[in-house]
């Protein structure tokens with residue numbers, strides 16, 4: 001039995017481990033550390049598919065394993081972080097704090113849809129769960145490090161976080177076409193331009209945070225918002 005066929009699954013397992021460790025840190029009220037574990041999970045999530053394609057060992061088992069891991073790292077973890085962030089800022093919010101848990105449900109629906117939808121081979125239909133998770137995780141990390149920032153002020157209200165969670169959830173199960181970040185040799189010029197535009201914006205966002213002394217988690221928030229808004233514009237004008 002070839003060892004290389006198990007390499008992508010081992011990377012996928014690390015995705016799951018990172019998500020579980022992130023959950024532990026979130027429950028310990030260390031949302032900032034939980035975010036970095038989520039970021040590590042996203043790196044593993046990108047690498048497992050890339051390695052599987054390079055080694056020619058793509059399998060149905062790996063696809064299912066990937067989705068199960070994503071449900072923890074990018075479904076449960078961000079939802080839990082949003083709930084705990086609301087409890088941090090609004091200890092009197094009651095049941096409203098539980099609304100962000102709906103993201104886990106939407107993530108499960110999104111992943112099941114992705115696994116059974118042949119239209120999503122070259123592009124996504126609906127917001128990918130890692131993108132939604134990174135937006136939420138980065139928001140939590142930024143609020144922890146910058147409790148007086150404008151995002152923290154919004155998060156302290158009773159509406160912003162539940163509304164964000166529900167909007168992201170609806171985007172995940174929508175039919176909105178969204179470009180993938182996985183480069184392929186047969187990609188169209190238009191698709192390549194879209195990806196490099198996002199890469200350029202990422203560089204600008206990181207530079208902005210470094211120059212003006214903002215926490216780097218703000219760059220992740222900006223990049224994920226840019227990705228979502230860009231795809232909305234592309235869909236609206238059929239670009």
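In the numbering used here, the protein residues as written are 1 to 239.
Beta carbons are placed, not taken as given, at the ideal position from N, Cα and C, and that holds for glycine.
Put simply, of 44, 82, 24 the residue whose alpha carbon is nearest the alpha carbon of residue 162 is 82. The closest CA to that of residue 222, considering only 131, 172, 110, is found on 131. Between residue 145 and the set 33, 87, 78, the nearest pair of CA atoms involves 33. Under DSSP, residue 178 shares a beta bridge with 124.
Remark: C-beta atoms of residue 75 and residue 107 approach each other more closely than 8 Å. The C-alpha of residue 102 is placed about 21 Å away from the C-alpha of residue 124.
Here residue 37 really is in contact with residue 25; their C-beta atoms are around 6 Å apart, less than 8 Å.
The Cβ neighbour count for residue 52, taken over all protein chains shown within 10 Å, is at least 16; the residue is labelled buried.
In the three-state reduction of the DSSP assignment, residue 215 falls in the coil class, being assigned neither a helical nor a strand state. Three or more Cβ pairs closer than 8 Å define a contact, and the segment 190 to 202 falls short of that threshold against the segment 127 to 141.
Contact check for residue 35 against residue 200 fails: the beta carbons are separated by 8 Å or more. In terms of Cβ geometry, residue 72 and residue 126 do not form a close pair [threshold 8 Å].
One Cα belongs to residue 29, the other to residue 84, and the distance between them is close to 7 Å. Between the alpha carbons of residue 57 and residue 63 lies a gap of roughly 11 Å. Comparing C-alpha distances from residue 5 to each of 150, 55, 171 shows the shortest one belongs to 55.
If you compare the alpha carbons of 155, 118, 176, 150 with that of residue 227, the shortest gap goes to 176.
For residue 33, the enclosing alpha helix (DSSP H) has its first and last residue at 31 to 55.
Around residue 219, the same chain offers 205, 206, 209 as residues with beta carbons nearer than 6 Å, after the five sequence neighbours per side are excluded. Taken through DSSP and simplified to helix, strand or coil, residue 58 comes out as coil. For the pair residue 15 and residue 67, the CB atoms are not nearer than the 8 Å cut-off. Looking from the CA of residue 87, the closest CA among 59, 10, 152 belongs to 152.
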